[in-house]
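Everything below concerns the one structure shown next.
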Amino acid sequence: MKTFKRTLIWIAILPLVFVISCKDNDPAPADDNYSKMTEYMVANDLDLDNILDAWIVGAPASEADVATFAGAYHIMDIRSADAFNTGHIDGAVNSSLATIVADAAGVTKPILVVCYTGQTAAHATVALRLSGHADAKVLKNGMSGWRADLATPWESGVGNVAVGNANWVKTATAELTDHSSPEFTTTSTDPAEMLVERVAYMTNKGFQGITATDVLADPSAYFINNYWAQADVDLYGHIATAARINPLTLANDEFRYYDPAQTVVTYCWTGQTSSMVTAYLTVLGYEAKSLKFGVNSMIYDELQSHKFAQPTVDLPVVTD
0 MKTFKRTLIW IAILPLVFVI SCKDNDPAPA DDNYSKMTEY MVANDLDLDN ILDAWIVGAP
60 ASEADVATFA GAYHIMDIRS ADAFNTGHID GAVNSSLATI VADAAGVTKP ILVVCYTGQT
120 AAHATVALRL SGHADAKVLK NGMSGWRADL ATPWESGVGN VAVGNANWVK TATAELTDHS
180 SPEFTTTSTD PAEMLVERVA YMTNKGFQGI TATDVLADPS AYFINNYWAQ ADVDLYGHIA
240 TAARINPLTL ANDEFRYYDP AQTVVTYCWT GQTSSMVTAY LTVLGYEAKS LKFGVNSMIY
300 DELQSHKFAQ PTVDLPVVTD
């Protein structure tokens, strides 16, 4: 009888021992991860408004200015090796979105990220800025803005698919409602290490873009943010069902208006700012897409400003 009682006691105790012994190895609850990491980001000047501060720079005005311009940066060109070898800015090194954080280790100069159009470079710049390179920048319009014979990737993206489309409207944007925070898991409970993991997740996932044609076909399939000032929405209109969430910061909790249960699409003028926002959203745990080429791909002929134009000066490239 005593043996039977001892057996019952051990049966009752063993599950508790197992739970206690495993507790320290379990990841933090997913919702707690978001809170921990975003509080860390705000405390360390990594809120979105910090990431979007002076994040883009245009090409120099003339060939005479190129040496001084290029000399101010460690230039990282994330185009394909073939494109890089065909012609790149003198002094640039070839990298990729997936490897740019590792490739930038030890770099002390401000980093300038170069791609075809500026959009993938925006993802990479978010990664760098969240990884200690606070002054990393995007070359505006990428190599498409460097010389006319490299502008095809940008020129192929402009269009007017929203003109006359029933899903381009001039009604009020959608009312903002609160949503829950996104959830994600990490191997660490330390917020700094969580951020490292989430940045790696974003860069390994690759550029997250979507075409205007796909979004306009069924706007209700997405949570859409028109990342514009209200005056611009009033002037041009917007995609049906779109909200307008701008400003957008962790400190003031405007991210609560994004719905983590949907694929969230952000659009702007050229797709470069929305790419920055999309990369940041991906780090935070949202399933996010940037509308490629922004409204330049939707109402190009109607735009009074913020239109892509082929460079009027062809700046030099090298092949070695």
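For the sequence shown, position 191 matches number 190 in numbering that gives the first Met the number 0, and the numbering has no gaps at all.
No residue lacks a Cβ here, since even glycine has one placed at the ideal position from N, Cα and C.
Asked, Found
"With three or more C-beta pairs closer than 8 Å as the rule, is the segment 172 to 188 touching the segment 69 to 86?", "no"
"Name the residue from 211, 186, 261, 147 whose alpha carbon lies nearest to the alpha carbon of residue 295.", "211"
"Along the chain, where does the beta strand (DSSP E) containing residue 111 start, and where does it finish?", "110 to 113"
"Does residue 105 pass the burial test, meaning 16 or more other C-beta atoms within 10 Å, or should it be called exposed?", "exposed"
"Counting along the chain, where does the alpha helix (DSSP H) carrying residue 204 start and finish?", "190 to 204"
"Taking the beta strand (DSSP E) that residue 223 belongs to, which residues open and close that run?", "222 to 225"
"In this structure, how does DSSP classify residue 93 when only helix, strand and coil are distinguished?", "strand"
"In terms of residues, what are the limits of the alpha helix (DSSP H) holding residue 151?", "151 to 154"
"Curious, which full-length alpha helix (DSSP H) runs of at least 4 residues does the segment 222 to 280 contain?", "229 to 235"
"Taking contact to mean 3 or more Cβ pairs, one atom from each stretch, closer than 8 Å, check whether the segment 206 to 222 and the segment 154 to 166 are in contact.", "yes"
"Using C-beta distances below 7 Å, list every residue in its chain close to residue 181, excluding the 5 sequence neighbours before and after it, in chain order.", "33, 259, 283, 284, 285"
"Here's the rule: buried if 16 or more other CB atoms are within 10 angstroms of the residue's CB, otherwise exposed. What is residue 23?", "Because the pLDDT at residue 23 is just 47, under 50, the model does not fix this residue reliably, and the value given afterwards should be weighed accordingly. Looking at its Cβ environment, which holds fewer than 16 other Cβ atoms inside 10 Å, residue 23 is exposed."
"Go ahead and pull the three-state DSSP assignment for residue 320.", "Summary: the structure shown does not reach residue 320, with the chain confined to residues 0 through 319, and so no result is reported for it."
"Cα separation between residue 206 and residue 96?", "8 Å"
"With DSSP as the reference, please indicate the residues paired to residue 76 in a beta bridge.", "93, 113"
"Since residue 287 and residue 242 are thought to touch, with beta carbons under 8 Å apart, how far apart are those beta carbons, to the nearest angstrom?", "Rounded, the Cβ-Cβ distance is 14 Å, inconsistent with contact."
"Under a Cβ-count criterion, where at least 16 other Cβ atoms within 10 Å of its own Cβ denotes burial, should residue 108 be classed as buried or exposed?", "exposed"
"Does DSSP put residue 208 in a helix, a strand or coil?", "strand"
"Determine the direct distance from the alpha carbon of residue 239 to that of residue 90, and round the result to whole angstroms.", "45 Å"
"For residue 59, tell me which candidate among 189, 144, 38 has the shortest Cα-Cα distance.", "144"
"Who are the Cβ neighbours of residue 20 in its own chain at under 8 Å, not counting the five residues just before and after it?", "Confidence is the limiting factor: at residue 20 the pLDDT is only 42, short of 50, which leaves the residue's position unreliable and the question unanswerable from this model."
"Starting from the Cα of residue 138, find the closest Cα among 128, 111, 119, 146 and give me that residue.", "111"
"Would residue 50 pass as a contact of residue 279 if the rule is Cβ separation under 8 Å?", "yes"
"Between the segment 181 to 201 and the segment 224 to 238, do three or more beta carbon pairs fall short of 8 Å?", "no"
"DSSP three-state call for residue 312: helix, strand or coil?", "coil"
"What separation, rounded to the nearest whole angstrom, lies between the Cα atoms of residue 66 and residue 162?", "42 Å"
"With a threshold of 8 Å on Cβ separation, who are the neighbours of residue 35 within its own chain once the five nearest residues in sequence on each side are excluded?", "27, 188, 190, 193"
"Identify the residues that DSSP records as bridge partners of residue 88: which are they?", "Answer by DSSP bridge pairing: none, since residue 88 is not bridged."
"Just verifying my parser: in three-state terms, what is the DSSP assignment at residue 317?", "strand"
"Any beta-carbon of chain B closer than 8 Å to the one on residue 278?", "Of the chains in the structure shown, none is chain B; there is only one protein chain."
"Cα separation between residue 133 and residue 154?", "31 Å"
"Buried or exposed: where does residue 46 fall if 16 or more other Cβ atoms within 10 Å of its Cβ makes it buried?", "buried"
"Alpha carbon to alpha carbon, how far is residue 306 from residue 268?", "8 Å"
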